[in-house]
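Have a look at the structure below before the remarks.
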Amino acid sequence: MARVPRRAVALLIDFALASLLWAVFFRDEQWASTLIFVAMQVLFIPLLSGGIGHLCLGLRVVPVTGGWIGVWRPVVRTVLLALLIPALIWDTDQRGLHDKIAGTVLVRV
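Residue numbering for the sequence shown follows my numbering, starting at 163 and increasing by one per position.
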């Protein structure tokens, strides 16, 4: 399983990319960077098994039960991640509450 420092760097990469896209295209819309981040996660997790930050650091988001992650898990996981509170709460395995609720785990490949 991926540990907190690697997860944090992956998250920062994804937020930085969303902020860069916001600065180029949507400077006047304050919430656009968050919506871009959510859209990137919801699109890339089912297609590539992770966001750009995850892929850069050799991480994958997989369902605990195995198989394809589907569409609903990335949506639930990302909405909770955007709220930040669930992402800041984790168990002894360092698995975030957003991952536990969505039934996913972030692993190193």
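Just so you know, even glycine gets a beta-carbon here, dropped at the ideal spot from N, CA and C. These numbers come from a predicted model, not from an experiment.
8 Å contact criterion, which residue i and residue j should meet: CB distance rounded
i, j, result
"R165", "Q256", "6 Å"
"L183", "I207", "No, L183 and I207 are not in contact; Cβ-Cβ is about 17 Å, not under 8 Å."
Residue i and residue j closer than 8 Å at C-beta
i, j, result
"L173", "G212", "no"
"L179", "M202", "yes"
"V224", "V267", "yes"
"R222", "G265", "no"
"L210", "L217", "yes"
"V277", "V204", "Residue 277 is absent from the structure shown; the chain starts at 163 and stops at 271."
Outcome for residue i when other beta-carbon atoms lying within 10 angstroms are tallied against a minimum of 16
i, result
"F187", "exposed"
"R270", "exposed"
"I231", "buried"
Contacts around residue i, its chain only, beta-carbon distance under 6 Å, and the 5 residues preceding and following it disregarded
i, result
"I251", "L259"
"V229", "It should be pointed out that residue 229 corresponds to Gly in this sequence rather than to Val. Cβ within range, chain order: n/a, list empty."
"A249", "L243, G258 and H260"
Residues near residue i by beta carbon distance below 7 Å, same chain, minus five either side
i, result
"T196", "A244"
"R169", "L268"
Neighbourhood of residue i by C-beta, 8 Å cutoff - its chain only, sequence neighbours within 5 removed
i, result
"K262", "D253"
"V241", "V200"
"M163", "D255, Q256, R257, V267, L268, V269 and R270"
Contiguous alpha helix (DSSP H) assignments of at least 4 residues, all confined to the stretch 190-249: With a minimum length of 4 residues, the continuous alpha helix (DSSP H) runs that stay inside the stretch 190-249 are 194-210, 214-218 and 234-245.
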